[in-house]
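This report concerns only the one structure given below.
Numbering (my numbering), first residue to last: -16 to 164.
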């Protein structure tokens, strides 16, 4: 089943652990089954499942990665060294689950190009182009008109095309005869 394979590959990139990846895929299918009535026939099933997987990762696995581990699991108590060590860290150094997800999926050049988009364009691009949501769904979620979504998406694609032209040429994604700028 191609969807399962794709979900597992993504889960491995996110968790870096085969057992956790299998758990994440299983959790994804469980959540998908429970929410299947919200799936709209004719839309991209793989994108829908990928969104569920990403949200499952954000909600469960990324939070667990940031949760402190107890030094002594049998007693569940911390000693003085644990408290001292914890006081040296701040939450400012932690990445959000969304950032961890993008770091796992996208090369540095693509992340840099996405970072250059305005927040509005970036969100529309992620929702429509990556997650496969319809323009109407994105418009409803963001509280804007569908024309605004289409405009932001077009401008985001144009900007990304310009930013990633050399990256695409180096990897053979762009034809040498076309000018991407």
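All C-beta atoms, glycine included, are put in the ideal place defined by N, C-alpha and C.
- Judged by beta-carbon spacing, residue 26 lies beyond the 9 Å limit of residue -10, meaning their Cβ atoms are not closer than that value.
- In the assembly as shown, residue 110 is a buried residue. Its beta-carbon has 16 or more other beta-carbons within 10 Å.
- Beyond the five residues adjoining it in sequence on each side, residue 15 comes within less than 6 Å, by CB distance, of 32, 35 in the same chain, given in chain order.
- Separation of residue 99 and residue 105 (C-alpha to C-alpha, rounded to the nearest whole angstrom) is 9 Å.
- Distance from the Cα of residue -2 is smallest, within the candidate group 143, 37, 30, for 37.
- In the three-state reduction of the DSSP assignment, residue 42 falls in the helix class.
- With respect to the 9 Å criterion, residue 122 and residue 139 are not classified as neighbours on the basis of their beta carbons.
- Burial state of residue 18 is exposed, judged by a 10 Å Cβ sphere holding fewer than 16 other Cβ atoms.
- Beta-carbon to beta-carbon, residue 92 and residue 136 are separated by about 21 Å, too far to satisfy the 8 Å threshold.
- Excluding the 5 residues flanking it on each side, residue 107 has same chain C-beta neighbours closer than 8 Å at 121, 125, 132, 135, 136, 139, in chain order.
- A straight-line Cα-Cα distance of about 15 Å links residue 42 and residue 9.
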